[in-house]
Structure formats: C-alpha cells, structure tokens
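Okay, so here's the structure we're looking at.
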Amino acid sequence: MLKTPSLSLYIHIPWCVQKCPYCDFNSHALKNNIPEDDYVEQLIQDLDCDIERFNLQDRSLFSIFIGGGTPSLFSAAAIKSLLSQVLTRFEHNKDIEITLEANPGTVEADKFKAFFAAGVSRLSIGVQSFESDKLIKLGRIHDSNQAKKAAELATTCGVDSFNLDLMHGLPQQTLTNALDDIKTAIKLAPTHLSWYQLTIEPNTPFYSKPPKLPIDDVLWDIQDQGVELLAQAGYQQYEISAYSKPEFQCQHNLNYWKFGDYLGIGCGAHGKITDSDKQVIYRTIKVKHPKGYLDKERVHLDHLNEVAKDELPFEYMMNRLRLVSAFTLDEYQAATGLPMQTILPKLQLAKAKGLMANPDGKTEQWQVTKLGHRYLNDLLEMFL
Ligand SMILES: C[S@@+](CC[C@H](N)C(=O)[O-])C[C@H]1O[C@@H](n2cnc3c(N)ncnc32)[C@H](O)[C@@H]1O
Ligand code: SF4
Numbered sequence: 002m003l004k005t006p007s008l009s010l011y012i013h014i015p016w017c018v019q020k021c022p023y024c025d026f027n028s029h030a031l032k033n034n035i036p037e038d039d040y041v042e043q044l045i046q047d048l049d050c051d052i053e054r055f056n057l058q059d060r061s062l063f064s065i066f067i068g069g070g071t072p073s074l075f076s077a078a079a080i081k082s083l084l085s086q087v088l089t090r091f092e093h094n095k096d097i098e099i100t101l102e103a104n105p106g107t108v109e110a111d112k113f114k115a116f117f118a119a120g121v122s123r124l125s126i127g128v129q130s131f132e133s134d135k136l137i138k139l140g141r142i143h144d145s146n147q148a149k150k151a152a153e154l155a156t157t158c159g160v161d162s163f164n165l166d167l168m169h170g171l172p173q174q175t176l177t178n179a180l181d182d183i184k185t186a187i188k189l190a191p192t193h194l195s196w197y198q199l200t201i202e203p204n205t206p207f208y209s210k211p212p213k214l215p216i217d218d219v220l221w222d223i224q225d226q227g228v229e230l231l232a233q234a235g236y237q238q239y240e241i242s243a244y245s246k247p248e249f250q251c252q253h254n255l256n257y258w259k260f261g262d263y264l265g266i267g268c269g270a271h272g273k274i275t276d277s278d279k280q281v282i283y284r285t286i287k288v289k290h291p292k293g294y295l296d297k298e299r300v301h302l303d304h305l306n307e308v309a310k311d312e313l314p315f316e317y318m319m320n321r322l323r324l325v326s327a328f329t330l331d332e333y334q335a336a337t338g339l340p341m342q343t344i345l346p347k348l349q350l351a352k353a354k355g356l357m358a359n360p361d362g363k364t365e366q367w368q369v370t371k372l373g374h375r376y377l378n379d380l381l382e383m384f385l
C-alpha cells in the first residue's frame, strides 16, 4: 500500500555570474539585472498551481532547498518575500530546515545575516577547491581567500549549520592536493561536507575540450584516503558524496533519497508527488528556460506523468541505494506501493555478489555494502 511520505520543496534559481566549464545544471550567465520581483511572483504562482493540481492544501512542509544556479545572487529582500509567501501556504515546524546555496564570489557579511533574518537556517557554500590554480581552471569567480571568508561568515551569521561543496579528481590534482583541500575544509568546521568527484558532462566545455584528469589509481587513493581523513575528523559518510557531523545530515536531501515527495518550482525544476488515494506517483518538470518561465502567457508546467509501476523498483533503488543506512522491505512497500517480491529476488542475488547485506543478520533490513557503493551502477542495473 502506497503511503503519503514527507513533502519537501525545491526552488530553482537559474542565474550565475558566469557559467563554469564543467557544469551542466540549468544555469545561465547573467547578462543584465535579475528580474527578481517577476521571478518571485512566477515562483509563487507556480507553487499555487502545484498545490491545487495535487490537492496539497492539508499537507505540511518538511524542508525547503533554494538551489541553482546561484541563489545568493538574489537580494535578501527577495528571499524574504519568497520564503514568507511559501511558509504561509503550509503547516511546518518552526525549526524547518531551509537551505540556500551560496557562491563565495557573491556574498558579504551583511548579506548572510540578512538571509538568516529572512528565514534561511542552513547555507551551502560552493567552494570546490582551496587551490588558486584549480579554481582558475574550474572557471570559478572567487579565489581561495573568498572561499575561506564565506565559511567564516557562515559560522557567525546566525544560521544553524552550513555545508561546503568540494570537488575532487580535478585537472592535474595530486593525492596531496586533494587531501590538503579536505584538511583546509575541516579547519573551517562546517557541519556538513559534500565531496563530489568531478564528472565530465556532455554539452559542457570540459566535454568538448577535456582537461587532463588524474588516473584511476590516484582517484581511488583520493577516495579511500579522503573518506578516512573525514571520518577521523568526525564527518560520517551517510551518502555517496555527503558527510556530516552527527545530527547534521541534510534533511531535505535525506527525504529525497528516501523517496519522499518534493515539489519543484522554478526553471526546469523536477517534482515527485504521491497520491495515496489513487495509489499513484506523479512526476513534474517545469519550463526550463528563464525567458519561457517568466512569460506570463505560458503555464509553468512543461511535463507531467504518472510513474509506471514497473519503473518504480529501479527509481526507488536509484535514490535509496545512495544512502549508507539500511532500509526495510516495509519502507519499500510504503514508498512504492509494490509487494516485496518485486525486489526480493534481486536483493538476494546482489547479496550473493557481495553488493548488498542484511545488517546483523536481520533479513527484513537491506544495506548496500562498500563494494556495492563502489560498483553502484552495476548494482542498480540489477533492478532495471
Ligand atoms: C548546482 S551547484 C550549486 C552551487 C553554486 N552554484 C556554486 O557552484 O557555487 C552544486 C554543486 O554541484 C557540484 N558540481 C557541479 N557540477 C559538477 C560536476 N560536473 N562534477 C561534480 N560535481 C559537480 C559542485 O560542487 C557544486 O557546488
Ligand atoms: S556557479 Fe554553480 S551552478 Fe553556476 S555554473 Fe558554476 S557550478 Fe554551475
């Protein structure tokens, strides 16, 4: 039986100062001023349409994530207006997690404080590296000192917690370089670290003109020794790329990975909504380009579909197996509405290959092994 899960809200801000050559997110280099007021107005209309479309009037809101692009380009006044309008539409805990992504090249002390006053409780700062030559190669608009300054400001501006985004496997990066980046990050004492391996995405300048990346052996060493360094400093890995101090896991992303519901508003935003009365899961995608999204004659919804039942096992696993923690077969049934037989034989096969395990021999619980995480794509293919 499909049960109604927690509901989160993702808000996409599609502008950046300039486009980084590795990035395939829906973000556009800013040419003129940001049409902040118009965009906030469209976001709220978009939200109201979703609320009506899916009858969400009585559902409470679990978390909010303002991502991009570069949301920190927005003024604190615009973020305040946006959040106050969102929060009047839903019941929510008074300490609801509200994350805002910030680029170190776009912040100063007063702005962080004003974001906090506007309701933001968690900042996620895109640092990528603390080495100047790497930041230049990555086309970043900030230097290492600005990155450190942003982390220091996040410590004192009032927010409950902050994350640093770091990437590794960078052009010409050595093992020592990568571990030094982690050591510098640890000294800045974030409550959370997202540590991504650089991937070369199609349709990016790095794809058409690939930079020289570290060889596989170096990449494995970076991964193994990086995880150990983070663990020694008290950062527990709870997802493929996410590490946190105890109690500081990102609640919004956890809901996403546990196959919770989320509304996605803003350019190109994706959403997933469960209708437990109809026993159906819907997916939505919004109009991608800012010009189209801001066009008052157009509807924001670009795509709506019911997820086919035979796609659900893979969809669930694709999210859930990113997490280190175990899931139960009851959780699988509540999240997908499908009987356990739709995955049990495959889980048993994965166990035989050493990719999944039953923690403490509890057969109703399933956890991905270290080997399973290393070969996650192979593991996921088993659920296709
Ligand atoms: C959508 S970006 C938002 C952060 C903000 N725009 C910034 O860059 O400062 C989220 C994070 O994804 C990571 N990321 C983006 N492209 C990536 C890629 N090709 N490979 C690995 N990580 C990537 C970066 O660490 C980035 O901070
Ligand atoms: S600032 Fe962030 S979202 Fe914008 S292009 Fe760079 S990585 Fe992508």
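When the letters of the sequence shown are read in order and numbered with the working numbering, they come out as residues 2 to 385.
Backbone N, C-alpha and C fix where the C-beta goes; we use that ideal spot for every residue, glycine too.
Within 8 Å, strictly: CB atoms of ALA30 and LEU84: no
For VAL41 and LEU302, the rounded distance between their alpha carbons: 16 Å
Extent of the continuous alpha helix (DSSP H) to which ASP379 belongs: 377-382
Start and end residues, beta strand (DSSP E) containing PHE113: Element bounds for PHE113: not the beta strand (DSSP E) but the alpha helix (DSSP H), 110-118.
Reduced DSSP category for ASN306 - H, G, I as helix; E, B as strand; rest coil: strand
Limits of the beta strand (DSSP E) - the one that GLU102 falls within: 93-103
Of the listed residues LYS114, ARG60, PHE117 and ALA78, nearest to HIS93 (C-alpha basis): ARG60
CA nearest to the CA of ILE80, picked from PHE55, GLN224, GLU37 and GLY70: GLU37
Cutoff 8 Å: GLN129 Cβ touching any chain D Cβ: Among the chains in the structure shown there is no chain D, since it carries only a single protein chain.
The beta strand (DSSP E) enclosing ASP166, as first and last residue numbers: 162-169
heavy atom of ligand 1 below 7 Å from LEU31 C-beta: no
Cross-strand partners of GLY261 (DSSP beta bridge): In DSSP, GLY261 forms no bridge with anything.
Every unbroken alpha helix (DSSP H) within the region 140-199, with a cutoff of 4 residues, ordered by chain: 145-157 and 176-188
Distance between THR200 and LEU322 (C-alpha atoms, nearest Å): 20 Å
Near ligand 2: CYS50 beta-carbon under 7 Å from a heavy atom: no
Which of helix, strand or coil DSSP assigns to MET357: strand
Endpoints, the beta strand (DSSP E) within which PHE207 is located: Taken as a continuous stretch (DSSP letters only), PHE207 belongs to no beta strand (DSSP E), being part of the alpha helix (DSSP H) at 206-209.
Environment of MET2 [buried if 16+ CB atoms lie within 10 Å]: exposed
When ILE52, ASP166, TYR244 and LYS354 are compared against THR89, the one with the closest alpha-carbon: ILE52
Per DSSP, cross-strand counterpart(s) of GLU240: ALA243 and LEU324
Residues of its chain near ARG299, where Cβ-Cβ distance is below 8 Å and the 5 sequence neighbours each way are ignored: VAL288 and GLY293
Beta-carbon spacing of ASP69, PRO15 below 8 Å: The question names Asp, yet the displayed sequence has Gly at residue 69. Closer than 8 Å, so yes.
ARG123, enclosing beta strand (DSSP E) - first and last residue: 123-129
Check: LEU199 C-beta below 7 Å from any heavy atom of ligand 1: yes
For GLY373, the nearest candidate out of LYS363, THR364, LEU348 and GLU365 (CA to CA): LEU348
Neighbourhood of HIS143 by C-beta distance below 6 Å, restricted to the same chain and skipping five residues each side: PRO105 and GLY106
Exercise answer, beta-carbon shell around ligand 2 heavy atoms below 6 Å: CYS17, LYS20, CYS21, CYS24, PHE26, SER28, GLY69, GLY70, THR71, ASN104 and GLY127
Cβ-heavy atom distance, GLU202 to ligand 1, below 7 Å: yes
C-beta atoms of VAL389 and LEU154 nearer than 8 Å: Not covered by the structure: residue 389. The range shown for the chain is 2 to 385.
Cα-Cα separation, LYS387 to PHE249: Residue 387 lies beyond the range of the chain shown here (2 to 385); nothing can be said about it.
Neighbour-count burial assignment, ARG123, 16 or more Cβ in a 10 Å radius: buried
Contacting residues, own chain, Cβ-Cβ under 8 Å from LEU295 (five flanking each side not counted): PRO36, ASP39, TYR40 and GLN43
Of the residues ILE65, ALA351, GLY140 and LEU167, the one placed nearest VAL121, counting alpha carbons only: ILE65
ALA78 to ALA336 span [Cα, whole Å]: 38 Å
Cβ separation of ILE187 and GLY227, assumed to be a contact under 8 Å, to the nearest whole Å: About 11 Å separates the two Cβ atoms, so there is no contact after all.
Proximal residues to LEU339 (C-beta, below 8 Å), its chain only, five neighbours per side dropped: LYS310, LEU313, PRO314 and TYR333
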